[in-house]
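There are 2 protein chains.
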Amino acid sequence: MDNRLINYFLKITNLTEDETKVLTESMVVKKFKKNDFLLKEGLFSNDTYFILDGCVRQFKTLNGNDITINFYTEEQWIISLENFEEKSSSNYNLVCMEDTTVVIGNEQKAQELFKQFPRLETTSRQIMETVFMEQQNLMTSYITDKPEQRYLKLLETRPDILQRVPQYDIATYIGIKPESLSRIRKKLNKKN
Amino acid sequence: MDNRLINYFLKITNLTEDETKVLTESMVVKKFKKNDFLLKEGLFSNDTYFILDGCVRQFKTLNGNDITINFYTEEQWIISLENFEEKSSSNYNLVCMEDTTVVIGNEQKAQELFKQFPRLETTSRQIMETVFMEQQNLMTSYITDKPEQRYLKLLETRPDILQRVPQYDIATYIGIKPESLSRIRKKLNKKN
Chain D
5 MDNRLINYFL
15 KITNLTEDET
25 KVLTESMVVK
35 KFKKNDFLLK
45 EGLFSNDTYF
55 ILDGCVRQFK
65 TLNGNDITIN
75 FYTEEQWIIS
85 LENFEEKSSS
95 NYNLVCMEDT
105 TVVIGNEQKA
115 QELFKQFPRL
125 ETTSRQIMET
135 VFMEQQNLMT
145 SYITDKPEQR
155 YLKLLETRPD
165 ILQRVPQYDI
175 ATYIGIKPES
185 LSRIRKKLNK
195 KN
Chain E
5 MDNRLINYFL
15 KITNLTEDET
25 KVLTESMVVK
35 KFKKNDFLLK
45 EGLFSNDTYF
55 ILDGCVRQFK
65 TLNGNDITIN
75 FYTEEQWIIS
85 LENFEEKSSS
95 NYNLVCMEDT
105 TVVIGNEQKA
115 QELFKQFPRL
125 ETTSRQIMET
135 VFMEQQNLMT
145 SYITDKPEQR
155 YLKLLETRPD
165 ILQRVPQYDI
175 ATYIGIKPES
185 LSRIRKKLNK
195 KN
């Protein structure tokens with residue numbers, strides 16, 4: 005049995021024995037290989053992912069080029085709400101940058117759980133608030149920070165990402181060309 | 005009594021008489037004048053706003069210049085979750101572009117409501133999902149769309165905004181200089 009999702013919940017709230025049991029029983033754990041897709045642009049999905057281990061890159065293809073929107077690693081949620089509501093197809097891809105293990109949830113299953121255990125809905129709402137908050141900060145940073153600042157933020161808050169994904173993906177995430185990222189890194193190396 | 009928030013809820017879910025009563029009683033309606041600030045960068049706030057009428061601009065100041073992050077109008081929620089969780093100060097401003105009337109909610113009051121009426125938590129979660137979805141789409145658009153596409157999307161999905169706010173704010177929202185926006189508009193006018 006994999007306790008990591010339960011341990012994650014326990015950081016947010018206490019769980020009764022029944023709640024722990026039903027959460028554990030309802031957990032669907034799935035393993036993906038490096039380069040596997042969790043979701044492709046244009047396909048439909050209601051799934052939500054909690055990453056147990058590994059790294060997933062969210063990207064969009066534009067004129068034949070990848071543009072990285074976000075990276076997700078251990079204990080992060082990938083919530084694709086656009087798909088819940090409008091039943092529209094995904095406008096991005098999710099690809100594994102490493103062998104990756106996730107817990108897969110979906111809205112329908114969650115609703116059934118919430119009916120039995122309303123307290124889990126509160127926890128779910130709190131998780132969504134946190135994910136939403138991260139998203140808001142990411143967007144504000146994307147709109148207002150210069151590429152160099154975005155690189156420094158990544159270095160400060162998620163240094164592991166820089167070791168785990170190719171420079172090319174870091175560059176498109178920051179919104180610049182790989183050559184420009186090299187220049188930024190050289191400049192920063194000189195400073196230190 | 006102002007029914008507009010109740011009517012909004014009724015689009016999402018049915019409400020019992022008790023739920024309608026408690027929602028109506030707990031509603032705090034506040035009127036702001038054009039140019040009033042709902043929130044300033046650096047200040048703390050736990051408030052959430054539902055706009056009854058008017059228009060609010062979310063922006064950040066960078067090197068003395070405004071950068072517009074979003075516009076909010078009738079029936080939209082402004083949810084500043086970053087403040088719920090970390091008790092950090094706001095990293096943006098909210099200013100009224102017109103005389104604006106809002107319903108103000110906050111997390112603590114919401115929690116009390118949810119204890120009495122758990123079904124309202126489900127509705128609240130659904131609303132947050134919708135707001136989150138809009139935010140995700142906005143971010144994806146910001147990262148992947150060219151300025152002209154962003155302008156066309158605004159024209160298509162929120163044509164009223166173009167009438168309600170100055171061109172300067174439209175330009176910083178799209179991520180370009182006002183001169184570039186003029187060029188885009190001229191080019192589109194020629195096409196039509």
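First to last, the sequence lines map onto chains D and E.
Anchor point for the first sequence: position 107 equals 111 in the numbering used here, and the numbering is continuous, going up by one each time.
Anchor point for the second sequence: position 39 equals 43 in the numbering used here, and the numbering is continuous, going up by one each time.
Even for Gly, the Cβ is constructed at its ideal location relative to N, Cα and C.
Residue i classed as buried or exposed, judged by whether at least 16 other C-beta atoms fall within 10 angstroms
i: residue 99 of chain D; result: buried
i: residue 29 of chain D; result: exposed
i: residue 43 of chain E; result: buried
i: residue 17 of chain E; result: exposed
i: residue 58 of chain E; result: buried
i: residue 186 of chain E; result: exposed
i: residue 11 of chain D; result: exposed
i: residue 51 of chain E; result: buried
i: residue 106 of chain E; result: buried
i: residue 7 of chain D; result: exposed
i: residue 62 of chain E; result: buried
i: residue 196 of chain E; result: exposed
i: residue 192 of chain D; result: exposed
i: residue 60 of chain E; result: buried
i: residue 41 of chain E; result: exposed
i: residue 133 of chain D; result: buried
i: residue 56 of chain D; result: buried
i: residue 154 of chain E; result: buried
i: residue 166 of chain E; result: exposed
i: residue 14 of chain E; result: exposed
i: residue 97 of chain D; result: buried
i: residue 92 of chain E; result: exposed
i: residue 46 of chain D; result: exposed
i: residue 115 of chain D; result: exposed
i: residue 54 of chain E; result: buried
i: residue 20 of chain E; result: exposed
i: residue 104 of chain E; result: buried
Counterpart residues of residue i in DSSP-defined beta bridges
i: residue 33 of chain D; result: D:107
i: residue 6 of chain D; result: Bridge partners of residue 6 of chain D: none, in fact.
i: residue 185 of chain E; result: Per DSSP, none; premise fails for residue 185 of chain E.
i: residue 53 of chain D; result: D:82 and D:108
DSSP state of residue i mapped onto helix, strand, coil
i: residue 99 of chain E; result: strand
i: residue 3 of chain D; result: This structure leaves residue 3 of chain D out entirely; chain D is present only between 5 and 196.
i: residue 73 of chain E; result: strand
i: residue 22 of chain D; result: helix
i: residue 41 of chain E; result: strand
i: residue 161 of chain D; result: helix
i: residue 151 of chain D; result: helix
i: residue 196 of chain E; result: coil
i: residue 169 of chain E; result: coil
i: residue 176 of chain E; result: helix
i: residue 17 of chain D; result: coil
i: residue 121 of chain D; result: coil
i: residue 136 of chain D; result: helix
i: residue 47 of chain D; result: coil
i: residue 94 of chain E; result: coil
i: residue 128 of chain E; result: helix
Across the segment 174-192 of chain D and the segment 166-175 of chain E, are there enough close Cβ pairs to call them in contact, namely three or more that are closer than 8 Å? no
At a Cβ cut of 7 Å, what residues of the segment 48-80 of chain D count as close to chain E, listed as they run along the chain? Flagged, chain order: 64, 66, 71 and 73.
Using a Cβ-Cβ cut-off of less than 8 Å, give me the residues of the segment 143-168 of chain E that come near chain D, in sequence order. Listed in sequence order: 143, 144, 146, 147 and 148.
For the structure I just gave you, are there three or more beta carbon pairs, one from the segment 109-126 of chain D and one from the segment 69-80 of chain D, closer than 8 Å? no
Output, in sequence order along the chain, the residues in the segment 165-190 of chain E whose CB is closer than 8 Å to any CB in chain D. 179
Inter-stretch contact at 8 Å, needing at least 3 Cβ pairs: the segment 140-160 of chain D / the segment 138-154 of chain E: Three or more beta-carbon pairs separated by less than 8 Å link the segment 140-160 of chain D to the segment 138-154 of chain E, which places the two stretches in contact.
At a Cβ cut of 8 Å, what residues of the segment 27-44 of chain E count as close to chain D, listed as they run along the chain? none
Selection of the segment 124-135 of chain D by Cβ proximity to chain E, strictly under 9 Å: Those would be 125, 126, 128, 129, 130, 132, 133, 134 and 135, in chain order.
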